[in-house]
Structure formats: C-alpha cells, structure tokens
Amino acid sequence: MKKLVLVSMFVLVALIVVACSAPAPAPSAPQVVKETVVVKETVIVQPTAAAKAPEPTKPAVAAPTAAPAPVALGARFTAIKSRGKVICGSNDQVPGFGFLDKATGQFTGFDVDFCKALAVAVFGDAKAIEFRPVNAAQRGPALQTGEIDVLARNTTWTVSRDATWGLFVGVNFYDGQGMMVDGKKYPTVKTLKDLKDASVCVQTGTTTELNLSDRFREEGVTFKPVVFDTADATFAAYQGGRCDAVTTDISGLVARRSLLNVPADHKILDVVMSKEPLGPAVPLGDASWYNVAKWTLFALINAEELGVDSKNVDQMLTSKNPDVQRLLGVTGDLHTGLGLSKDWVVKVIKAVGNYGEIYDRNLGPNTPLKMDRGINKLWSKGGIMYAPPFR
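Here you go:
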C-alpha cells in the first residue's frame, strides 16, 4: 500500500516537471483587419427642362356691394303716404320764419320752406302739405299726440323736449336769446343790470321764459315778468307800453321789430342770454320717417356746400364729383334705404333751393330783415353749419 502511494506521488511530480519544462507557446501573429471599401454607383442625372415661371398674382377684386334692401316703412310714414300730404306744425306770427299772410292765406318763411322740402321729398310736390299753426304751448302736445307729422316752428332743441316731445332731426338755425327795448325811452339801457326792476314781456311755454329768470337771478337783478300765450300778444303788449322790454330769440326780435310802428326806435341789446339751437322735430315711434326728415335737412345743407342750387341742378347731374353724384342719385342706391325715389334730392333742390337759397330768400340781405348769417354760414365760410355726408 505504501508503495502504491509513493508510485502515485512520483508520477504526479513527473507530470508537473514535464509541464513546467515545456516551451511557452509562440505569440500569435497580429490580426490584419482588412478595410472594406464600398463603391457607390455614380448615377448621371439628365438635366430637367426649365420649370415654368409662376403666373403673377392677380389683384383681388372686391365683390360688388349689394344694393340696400328697401326700407320697411313705419306706421307714420305709411300713413303719410296713404294720406297724400305732410301735416306741418308751424308758426304763423314770425316774419321770415313762419308767417301767414292773411290777405292771401299763404304761409311763408324759413321753416315753412323746410316743410315744403319734406313734401317734395316724399311726393315730389311742394303743395302736398297742410300747415297747422301751433303756438309755443301747443307745439309739444301736438307732437306727442301725433296731431302733426313734423314741427318746424323756431323750436329750441333741449334734452327734455327730445325725451318727451319727439325727435329733433337737426339744427337749421343757431340762435341765442336777446332783449329789446325802446331806444327813445331808454337810451342808456345797454345791459341786463340796467333793467333793474323793469317789466319784461315774454311768451309762456318757451325756453325764453325759463332763461329770463335764470339770467336775471345770475346777475342779481330783480324784474317783473309779464307773460302772454302768443307772439302777437307779447309784442302788442310791448308796443303798447305794458312792459319796458321784450325778450325772445334774437332772430325773433329782428323779425318782430320789422312789424312795429317805427322799427328804428327799438334797439336789440348787445347781450346773448343763452344758446338756442333751433330745428325741426318729428313724433316718436317711426325711425323711417325720422330718417326722411333728417336727411332732407342734410340734403339742403350738403347741396349748398357742393355748389348745387335750383338754377344749376340739372347741369350738376353730369358732374364728375362723386359727392355730387351720390347726393343727386346719379350713382349709388342711398335713396332705397330712405324709401324715396332715386332723384328725390334733385326734385327738392329744384323746388325750394339749397340751404343758402332758403336763408337768403327769407332772411337775407334782400329781405326786410337783412339778417346776417353769422354762425349759420357754412363751416367752410367761417360758420358752424355742416351736415353728415351722403355715403
């Protein structure tokens, strides 16, 4: 057993010696990495034909504006057309503005001509109208109840009247309240302070009556108002000596002075007591009728500004001015929105003239009143009168 173990150990040692004495393996040769070259095929591309240049962009063309739809007439406008005439509330006692010649039965005046213009706009006839005289106290109720279609009676536009009487269509005369005295009796009177404790004739139901109290209170001056219902009664009392002074709009003083026995004896003081924007008004409730009345006034003013009058209106139909073309209905369809004929402005100007012609005929230098236009001149001539454009 011992021999067997010794032999085994001897064999094991021999194997170890042989293994250790064997030569080390030669180092392996370095690997050579060959680079793979990928050759791409060259493709010869034939030149394409030159691309067609893009078409130039055409300017956008706006679609034509559609003509306005015919206006839906309101109840009053419908009634007026069915009736065949316009009912105009007017003055009959103020020369130059609204005056009834009792000998002829004819109404004349600045406001009267506006009513005629309105009748022409609707019917093409200045006679398609009925004048109903209303005094200062009657005019508001006449509008409120619809007794009249339009009030054209030297009436001041105020917030309370606009809210309760009817709608004012614009200003046709810018005025102010004045004071008149007999210059022979009171040669030294020049201001309101000089009228301390004086009696003043005034018409009731007017802004004049209210302004009178305001201004004298502001000046700290006491006075005695003497009140009457009509202009005739007011100025008859003044001329008869029942009061020391008389007050109304300055234009009214000029007009009524012309009827006094000796107009030159009476002087209008250099005093403006208020702003009095005068204009026509229509009853509430019909926008279509309101627009007709409003744009009739604006047509008269625009015609003067554009040089269109009763003498040249036919020639102006060939005018190259686009503003004139629209005003006279040569181009556009503005009449459609008003429910009127295409040539309604032409008819109006032929019948009554433009604003300037109406002013001169009733109030201007060739009339007994010889009233300077003052601020009622066109804005382009030093005044403040102008109207929105026809567009």
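Take the position in the sequence shown, starting the count at 1, then add 110; the result is the number in our numbering. Ideal Cβ positions, reconstructed from N, Cα and C, are used throughout, including at glycine.
Beta-carbon separation (whole angstroms), residue i vs residue j, contact threshold 8 Å
{"i": "residue 243", "j": "residue 201", "result": "7 Å"}
{"i": "residue 409", "j": "residue 440", "result": "With a Cβ gap of about 14 Å, residue 409 and residue 440 do not count as contacting."}
{"i": "residue 378", "j": "residue 288", "result": "5 Å"}
{"i": "residue 301", "j": "residue 381", "result": "6 Å"}
{"i": "residue 196", "j": "residue 246", "result": "That pair is no contact at about 22 Å."}
{"i": "residue 328", "j": "residue 303", "result": "Actually they do not touch by this definition, with Cβ atoms about 11 Å apart."}
{"i": "residue 360", "j": "residue 286", "result": "6 Å"}
{"i": "residue 221", "j": "residue 271", "result": "With 8 Å as the limit, residue 221 and residue 271 do not qualify as a contact, their Cβ atoms being about 16 Å apart."}
{"i": "residue 462", "j": "residue 223", "result": "5 Å"}
Residues bridged to residue i (per DSSP)
{"i": "residue 309", "result": "334"}
{"i": "residue 376", "result": "292"}
{"i": "residue 506", "result": "Outside the displayed span of the chain (111 to 501) sits residue 506, for which this structure offers no information."}
{"i": "residue 414", "result": "Paired residues: none, contrary to the question."}
{"i": "residue 392", "result": "277"}
{"i": "residue 359", "result": "287"}
{"i": "residue 197", "result": "240"}
{"i": "residue 262", "result": "200"}
{"i": "residue 495", "result": "488"}
{"i": "residue 211", "result": "216"}
Selection from the options that minimises the alpha carbon distance to residue i
{"i": "residue 110", "options": "192, 499 and 379", "result": "This structure does not reach residue 110, given that the chain is present from 111 up to 501, and the question cannot be answered."}
{"i": "residue 313", "options": "355, 459, 336 and 328", "result": "336"}
{"i": "residue 460", "options": "218, 327, 236 and 186", "result": "236"}
{"i": "residue 297", "options": "374, 266 and 265", "result": "374"}
{"i": "residue 187", "options": "475, 395, 446 and 444", "result": "395"}
{"i": "residue 416", "options": "328, 263 and 489", "result": "489"}
{"i": "residue 209", "options": "273, 330 and 341", "result": "341"}
{"i": "residue 193", "options": "233, 219 and 214", "result": "233"}
{"i": "residue 189", "options": "277, 259, 263 and 266", "result": "259"}
{"i": "residue 305", "options": "338, 356 and 446", "result": "356"}
{"i": "residue 405", "options": "323, 445 and 295", "result": "445"}
{"i": "residue 353", "options": "359, 338 and 220", "result": "338"}
{"i": "residue 442", "options": "206, 501 and 205", "result": "501"}
{"i": "residue 219", "options": "477, 476 and 472", "result": "472"}
{"i": "residue 497", "options": "343, 433 and 477", "result": "433"}
{"i": "residue 185", "options": "429, 425, 274 and 393", "result": "393"}
{"i": "residue 322", "options": "430, 214, 384 and 351", "result": "384"}
{"i": "residue 308", "options": "269, 351 and 276", "result": "351"}
{"i": "residue 334", "options": "310, 205 and 477", "result": "310"}
{"i": "residue 207", "options": "269, 214 and 362", "result": "362"}
Close Cβ partners of residue i (< 7 Å) along its chain, the five nearest in sequence each way excluded
{"i": "residue 284", "result": "387, 485, 486 and 494"}
{"i": "residue 118", "result": "Low local confidence applies: a pLDDT of 46 at residue 118 is under 50, so the model's placement there is unreliable, with the coordinate-based value given in what follows. Cβ within range, chain order: n/a, list empty."}
{"i": "residue 492", "result": "none"}
{"i": "residue 157", "result": "Legend: pLDDT at residue 157 = 43, less than 50; position of this residue unreliable, no value from coordinates given."}
Chain-order list of residues whose beta-carbon lies under 6 Å from that of residue i (same chain, five-residue window excluded)
{"i": "residue 261", "result": "199, 249, 253 and 391"}
{"i": "residue 241", "result": "198, 200 and 217"}
{"i": "residue 364", "result": "479 and 481"}
{"i": "residue 465", "result": "410, 411 and 414"}
{"i": "residue 299", "result": "291"}
{"i": "residue 181", "result": "398, 447 and 449"}
{"i": "residue 453", "result": "439"}
{"i": "residue 203", "result": "341 and 342"}
{"i": "residue 429", "result": "none"}
{"i": "residue 325", "result": "383"}
{"i": "residue 183", "result": "398 and 449"}
{"i": "residue 256", "result": "393"}
Any chain D beta carbon closer than 8 Å to residue i
{"i": "residue 321", "result": "In the structure shown, chain D cannot be found, because there is only a single protein chain."}
Chain-order list of residues whose beta-carbon lies under 8 Å from that of residue i (same chain, five-residue window excluded)
{"i": "residue 376", "result": "290, 291, 292, 293, 367 and 370"}
{"i": "residue 427", "result": "438, 440 and 456"}
{"i": "residue 389", "result": "265, 267, 278, 279, 280, 281, 282, 283 and 407"}
{"i": "residue 450", "result": "231, 232 and 402"}
{"i": "residue 469", "result": "220, 483 and 486"}
{"i": "residue 467", "result": "414, 419 and 420"}
{"i": "residue 274", "result": "250 and 254"}
{"i": "residue 276", "result": "253, 254, 261, 391, 392, 393 and 394"}
{"i": "residue 205", "result": "219, 365, 366, 368, 369, 478 and 479"}
{"i": "residue 476", "result": "470"}
{"i": "residue 431", "result": "416"}
{"i": "residue 400", "result": "277, 279 and 392"}
Could you tell me whether the stretch 216-235 touches the stretch 344-358, where touching means 3 or more Cβ pairs closer than 8 Å? no
State whether the stretch 412-432 contacts the stretch 308-322, with contact taken as three or more CB pairs (one from each stretch) at a distance under 8 Å. no
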